[in-house]
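In my numbering, the protein residues as written are 131 to 702.
Right under this line is the structure:
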């Protein structure tokens, strides 16, 4: 389970996701005038001159009103009401301005249909947008200054006026720092607006003001280094039709999370250091209730990795139609070179367990004449297909300390795992030896053209393996066994369920990996298991399909989210 600090960080990251995923594209009220200029696909990139190197998350919006509407929709559709509600209350008190109301931004004198950028740096969110009427914004700032808590001063850049806290003001008061010129306005949102129970101290207010002034005069060498690479993504994905695009650096977010120490912490730190910036483009198809994300992921060139990528599989994709039926909870596909995948899994083990595993393999070779690499690893074709039929509610209870481990070890689900193989005889020989050493727990039975190996301690089935000429299937429940037997009798390439679920893309390309999840069903299961908050986050969506391909050490990932009908029809 996540501790309180991890939940806080996760919610902040989730807020970015909310802005991307729950995108409401309804028009501005007719009373709000529009600019005659039509923004181009990369028009928002011009605001990159205000983004510093320290930015961890960047969200470009081709229109300010779309960004505001996305934030407002997030407050109504996802569990971010507390965070956005606090920001809304404080911001309104500071500037007499509702940040979640499009008309309010128009009243401040900003262009609604011109680009804006929202980014996170030094613990603060910063918004930069185009100014339509500088006098309107001046009037708002002047009215705020009359309260005596703040003053309007001339910044280092003579073209900007800044709103800052007076030196004698009381501490522990969150404030929105504002600077604007003729073309651009910048808002620095204090940390206190995004974290309940946390007060902004006087020293933090000084840092917030300093950050604001620094953003006005960022030299080229201090600007965000991801701008050029992001521009390449925009060109390659024809982002002119995309309302949002941006980038996130997952590493810093991960390092702020507590993992309980030990080997888990080491793995988290390794993952954080090896992850590079993730660039994305977001699109919304209202008629199809679909949200699409196109991502590019880059590793950190300064960090060594155990396995650069998973490489190429050594065989064709297996037939999957017999296993995938209407109503399945999820499907996972991993494809790559078997030895590289094995080495990746091995590298994730603690050093003592790696040593024990290596010794066990040596003992198997010496005593049983089983060469693990030749008879097992090299015998795999490099494709793994996991079909999820259900979830064990007892594993998902909030008080389960091994929740994450149980999920990754497949103890939380009822599934069938399909592993294509090259040679049946070598696999059969290995499993027969294991049967002899199992003291009667692993039982062998030949059925038609297959051999079933069932693990039956105390006479109760825990799992089984079904070996055929060109595949091995692992199952762990009666439901999965029934599907595996049906597949053994009549496998076929894909079947109607694959088309019905809309997951054809998951099985394209030789080395593609990815997953499909029936999010609506998963949300209900989580809620029934006591994971109400997790269920609330998922209820906005019906399903998700993710596919990823590695090309020249760059990850190309596509995510397609289908919105729940009740939420997507009216945006409520």
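Built from N, CA and C at the ideal position, the CB exists for glycine as well.
Note that the structure is a prediction, hence the values are computed from the model and not measured.
Outcome for residue i when other beta-carbon atoms lying within 10 angstroms are tallied against a minimum of 16
| i | result |
| --- | --- |
| residue 677 | buried |
| residue 417 | exposed |
| residue 349 | exposed |
| residue 684 | exposed |
| residue 482 | exposed |
| residue 602 | buried |
| residue 551 | buried |
| residue 256 | buried |
| residue 442 | exposed |
| residue 297 | Any reading at residue 297 must be qualified, since the residue scores a pLDDT of 41, below 50, and its modelled position is unreliable; the value itself is stated next. Flag for residue 297 reads exposed. |
| residue 475 | exposed |
| residue 447 | buried |
| residue 691 | buried |
| residue 406 | buried |
| residue 195 | buried |
| residue 490 | exposed |
| residue 589 | exposed |
Where residue i sits in the DSSP three-state scheme
| i | result |
| --- | --- |
| residue 460 | strand |
| residue 562 | helix |
| residue 505 | helix |
| residue 582 | strand |
| residue 497 | helix |
| residue 221 | helix |
| residue 442 | coil |
| residue 593 | strand |
| residue 195 | helix |
| residue 690 | strand |
| residue 450 | coil |
| residue 550 | strand |
| residue 467 | coil |
| residue 479 | coil |
| residue 174 | helix |
| residue 427 | strand |
| residue 267 | helix |
| residue 329 | Any reading at residue 329 must be qualified, since the residue scores a pLDDT of 45, below 50, and its modelled position is unreliable; no value is offered. |
| residue 242 | coil |
| residue 372 | coil |
| residue 347 | coil |
| residue 544 | strand |
| residue 574 | strand |
| residue 643 | strand |
| residue 137 | Confidence at residue 137 is low in this model, with a pLDDT of 35, below 50, so the placement of that residue should be treated as unreliable; the coordinate-derived value is given next. Helix. |
| residue 353 | strand |
| residue 379 | coil |
| residue 492 | helix |
| residue 484 | helix |
Residue i at chain E interface by Cβ criterion, 7 Å
| i | result |
| --- | --- |
| residue 448 | This model lacks chain E altogether, as it is built from one protein chain only. |
Residue span of the alpha helix (DSSP H) that contains residue i, given as start and end
| i | result |
| --- | --- |
| residue 361 | 357 to 366 |
| residue 446 | Neither: residue 446 is in no alpha helix (DSSP H) and is coded neither H nor E. |
| residue 610 | 608 to 619 |
| residue 655 | 649 to 658 |
| residue 791 | A query on residue 791 cannot be resolved here, the shown segment of the chain reaching from 131 to 702 and no further. |
| residue 628 | 626 to 631 |
For residue j and residue i, believed in contact at Cβ under 8 Å, the rounded distance
| i | j | result |
| --- | --- | --- |
| residue 409 | residue 425 | 7 Å |
| residue 599 | residue 559 | Wrong, their Cβ atoms sit about 15 Å apart, outside the cutoff. |
| residue 342 | residue 318 | 5 Å |
| residue 574 | residue 565 | 5 Å |
| residue 707 | residue 463 | Nothing can be reported for residue 707: it is not among the residues displayed for the chain, which extend from 131 to 702. |
| residue 581 | residue 597 | 5 Å |
| residue 546 | residue 610 | 4 Å |
| residue 681 | residue 423 | Not really, about 18 Å apart at Cβ, beyond 8 Å. |
| residue 240 | residue 260 | 7 Å |
| residue 242 | residue 310 | Incorrect: roughly 16 Å between the Cβ atoms, too far for contact. |
| residue 668 | residue 656 | 7 Å |
Bounding residues of the beta strand (DSSP E) (the contiguous stretch that carries residue i)
| i | result |
| --- | --- |
| residue 254 | 254 to 260 |
| residue 672 | 671 to 681 |
| residue 184 | Segment: none, residue 184 is in no beta strand (DSSP E) and carries neither H nor E. |
| residue 637 | Unbroken run through residue 637: none, as it is neither H nor E. |
| residue 314 | 314 to 319 |
| residue 520 | 513 to 521 |
| residue 310 | 306 to 310 |
| residue 510 | Unbroken run through residue 510: none, as it is neither H nor E. |
Meets three-Cβ-pair contact criterion under 8 Å: the segment 626 to 639 and the segment 496 to 514 = no
Any contact of the segment 447 to 461 with the segment 514 to 522, i.e. 3+ C-beta pairs under 8 Å?
-> yes
Within the chosen definition, does the segment 340 to 348 reach the segment 174 to 192 through at least 3 CB pairs nearer than 8 Å?
-> yes
Spell out a yes or no on whether the segment 444 to 452 and the segment 643 to 653 are touching, meaning 3 or more CB-CB pairs, one atom from each, closer than 8 Å.
-> no
Counting pairs of Cβ atoms below 8 Å between the segment 235 to 252 and the segment 189 to 201, do you hit three or more?
-> yes
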